[in-house]
Amino acid sequence: MEAIPGRARAYVACVALVALCGLFPLPGVHAPWGAVALLAGLYAAGERIARRWFAGTFYPVLLAGAFLLPPPAAALVALPGALLSGADRRPLLPRRIWRAAQLSLAVWAASWTHRWLDGRDAVATSDLPYALLPAGAAVVAFCLALTLLDGGILALAEHVPVRRAWRGLFRRSLGPLAVHGLAGLMMAVLWRSPYGPVAALLVLLPMCVSWWVFAQYHRERAAHQATIRALVQAVDIKDGYTRGHSERVGQASMLIARELGMDEERVELVRFAGILHDVGKLGVPTRLLRKDGPLTPEERRVIELHPEYGHEIVRGISFLGEARAAVLHHHERLDGSGYPYGLVGDQIPEPARVVAVADAFDAMTSTRSYSRARPVEAALAELERCAGAQFDPRMVTALCRVLRREGWHPAVTSDEPHPPRPRAPAGGRTGARR
1 MEAIPGRARA
11 YVACVALVAL
21 CGLFPLPGVH
31 APWGAVALLA
41 GLYAAGERIA
51 RRWFAGTFYP
61 VLLAGAFLLP
71 PPAAALVALP
81 GALLSGADRR
91 PLLPRRIWRA
101 AQLSLAVWAA
111 SWTHRWLDGR
121 DAVATSDLPY
131 ALLPAGAAVV
141 AFCLALTLLD
151 GGILALAEHV
161 PVRRAWRGLF
171 RRSLGPLAVH
181 GLAGLMMAVL
191 WRSPYGPVAA
201 LLVLLPMCVS
211 WWVFAQYHRE
221 RAAHQATIRA
231 LVQAVDIKDG
241 YTRGHSERVG
251 QASMLIAREL
261 GMDEERVELV
271 RFAGILHDVG
281 KLGVPTRLLR
291 KDGPLTPEER
301 RVIELHPEYG
311 HEIVRGISFL
321 GEARAAVLHH
331 HERLDGSGYP
341 YGLVGDQIPE
351 PARVVAVADA
361 FDAMTSTRSY
371 SRARPVEAAL
381 AELERCAGAQ
391 FDPRMVTALC
401 RVLRREGWHP
411 AVTSDEPHPP
421 RPRAPAGGRT
431 GARR
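Sequential numbering of the sequence shown, starting at 1, is according to this note's numbering.
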């Protein structure tokens, strides 16, 4: 059983208490209780189906409740489904209470916003397109409530740094919730029309089809991630001194790509390239990877084959796209003195130039069996010194800018219990990267 930190339990209790306060006016609320019961049952059934088959959440029903019902009654719609649904991890009860309280507050906020903007009258009279305005504001309120609560639980339960806990949550959630909001609005308009609730339920059919397609995409994506994790774990087992290096290079590569303004799909490919850049070490003898002393020229030539080994390993993985070229060319240098092919300048693929900078940076800021970690500023200064000859100046500038703005926390990856023995860099290459 996974323990939930005490402060996270206190946070969940406070959120649940606030959610209960939102339900207190229920005895005096004039609400269509038949509609409340039907929506609550529909949400509970839909939530089980969605979690089993679509890996999603049945938000359109909750938002339809926000558009049709007073805030306390709308908040009630979420409770049965959230309390009865399964949880991904144990302990189950606190997680179910958290989910119920979170959704209840989010629906309450959406319903209150919709009611404050006279959205119920617009729904009742099918006043389009005016009905879109209060519905859109309600969706924003719903998304904002989920974002605020999710960020708090990430900071307290998952130990995510406070300055990062809320980053990107609202932006990533708003698009999908806007689609769910449109479906919820259509349900509400049809519910109040002469055709009644039966017509409203027909709105869910195309939504279910789109959810199924989206779920297939997520399953495929999960399979991709599992493939990458398996390869990285194999490298980490073989080269224990640099455990965690691949993930950090992937993170630094992603930061550079975003700073350069690449679209998110390409940023993801660059991250994959960073994570997999050393997968070719699976073809290098372990004794060379773990050798503490200086490498002989013959041993260095064997290690310098790892980009080609890596390319052979990943060449059949089609979803990696241009990340495969980065695996092959991440040790090339702008002046042509790199390996394996001695490419010059723009002949080196852009993702490979990104990974080269990220790889060198992490090598310099991590303690290994043959070198001590350098301070971040010293590593950045070294990258700037080598820009133009070894590294692409654009990539170096992007990394320096983002790290000086957001910071970096390098990890020690050496398994050695004693201080590392110094080792002379070969060929003057930054970070003495293997």
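Using N, Cα and C, we set each Cβ at its ideal position, and we do this for glycine too. Remember, it's a predicted structure, so these values are computed and weren't measured experimentally.
Inset, instruction - Report the residue from Leu177, Leu105, Gly283 and Pro176 whose alpha carbon sits nearest the alpha carbon of Leu149. - result: Leu105
Legend entry - Selected residue, minimal CA-CA separation from Ser126, among Gly342, Ala64, His311 and Arg192: Arg192
Legend entry - Val412 - DSSP class collapsed to helix/strand/coil: Note that Val412 has pLDDT 42, beneath the 50 cutoff, so the model's placement of it is unreliable and no number is given.
Legend entry - Closest by C-alpha distance to Glu384, when choosing among Arg401, Glu350 and Gln225: Per the Cα distances, Arg401.
Inset, instruction - Pull up the distance between the alpha-carbon of Arg248 and that of Ala37, whole angstroms please. - result: One C-alpha to the other measures close to 50 Å.
Inset, instruction - In the DSSP assignment, find the unbroken alpha helix (DSSP H) run with Leu26 in it and report its ends. - result: Taken as a continuous stretch (DSSP letters only), Leu26 belongs to no alpha helix (DSSP H), as it is neither H nor E.
Inset, instruction - Could you say if the segment 288-295 and the segment 317-334 meet the contact criterion of at least three C-beta pairs nearer than 8 Å? - result: Contact fails: fewer than three Cβ-Cβ distances are below 8 Å.
Legend entry - Backbone secondary structure at Phe391 - three-state DSSP: Here Phe391 sits in strand by DSSP.
Inset, instruction - Would you mind reading off the limits of the alpha helix (DSSP H) that contains Gly181? - result: Leu169 to Trp191
Inset, instruction - Verify whether the separation of the beta carbon atoms of Val279 and Ile313 is less than 8 Å. - result: yes
Legend entry - Ala100 versus Leu69: straight-line alpha-carbon distance, rounded: 18 Å
Legend entry - Boundaries (first-last residue) of the alpha helix (DSSP H) holding Trp166: Premise fails: Trp166 is in no alpha helix (DSSP H) and is neither H nor E.
Inset, instruction - Return the CA-CA distance between Ser337 and Asp263, expressed in angstroms with no decimal places. - result: Each residue's alpha carbon lies about 31 Å from the other.
Inset, instruction - Count the other C-beta atoms from every protein chain shown that fall within 10 angstroms of the C-beta of Gln216, then say buried if there are 16 or more, exposed otherwise. - result: exposed
Legend entry - Option in Ala222, Trp108, Gln251 and Gly184 with minimal Cα separation from Leu132: Gly184
Inset, instruction - Apply the 10 Å Cβ neighbour rule to Asp392 and answer buried if 16 or more other Cβ atoms are within range, or exposed otherwise. - result: buried
Legend entry - Residue burial classification, Leu399 (beta-carbon count within 10 angstroms, cutoff 16): buried
Inset, instruction - May I have the straight-line CA-CA distance separating Val15 from Ala145, to the nearest angstrom? - result: 11 Å
Legend entry - Run of the alpha helix (DSSP H) containing Glu304, from where it starts to where it stops: No alpha helix (DSSP H) holds Glu304; DSSP gives it neither H nor E.
Inset, instruction - Taking 8 Å as the cut-off, decide whether the C-beta atoms of Leu39 and Ala75 are in contact. - result: no
Inset, instruction - May I have the straight-line CA-CA distance separating Asp359 from Ile49, to the nearest angstrom? - result: About 44 Å.
Legend entry - Residue from Arg219, Gln225 and Val179 with nearest C-alpha to Val203: For Val203, the nearest C-alpha among the options comes from Val179.
Inset, instruction - Let me know the secondary structure DSSP gives Ile4 once reduced to three states. - result: Coil.
Inset, instruction - Measure the beta-carbon distance from Gly175 to Val139 and round it to whole angstroms, keeping in mind my assumption that it falls under 8 Å. - result: Between Val139 and Gly175 the Cβ distance is about 11 Å, and since that is not below 8 Å, they are no contact.
Legend entry - Separation of Glu259 from Trp408, as counted between CA atoms: 15 Å
Inset, instruction - Would you kindly check if the distance between the Cβ of Val327 and the Cβ of Gly310 is under 8 Å? - result: yes
Inset, instruction - Quick one: residues in its chain with C-beta nearer than 7 Å to the C-beta of Ala155, no 5 flanking neighbours on either side, listed in chain order? - result: Val162 and Ala165.
Legend entry - CB of Thr113 within 8 Å of CB of Ala137, strictly: yes
Legend entry - Sequence-distant residues of the same chain with beta carbon closer than 7 Å to Val160, five excluded per side: Leu154
Inset, instruction - Tell me whether Gly274 is buried or exposed, calling it buried when 16 or more other Cβ atoms sit within 10 Å of its Cβ. - result: buried
Legend entry - Beta-carbon spacing of Ala284, His306 below 8 Å: It is worth fixing the name first, because residue 284 is Val in this sequence and not Ala. Yes, the Cβ-Cβ distance between Val284 and His306 is below 8 Å.
Legend entry - Endpoints, alpha helix (DSSP H) assigned at Pro197: Gly196 to Leu202
Legend entry - CA-to-CA distance, Phe142 to Ala200, given in whole angstroms: Spanning the two alpha carbons is a distance of roughly 21 Å.
Inset, instruction - Would you check if the distance between the CB atom of Arg115 and the CB atom of Pro71 is smaller than 8 Å? - result: yes
Inset, instruction - Determine the DSSP secondary structure at Val376, reduced to helix, strand or coil. - result: helix
Legend entry - Assigned secondary structure, Thr286 (DSSP; H/G/I helix, E/B strand, else coil): helix
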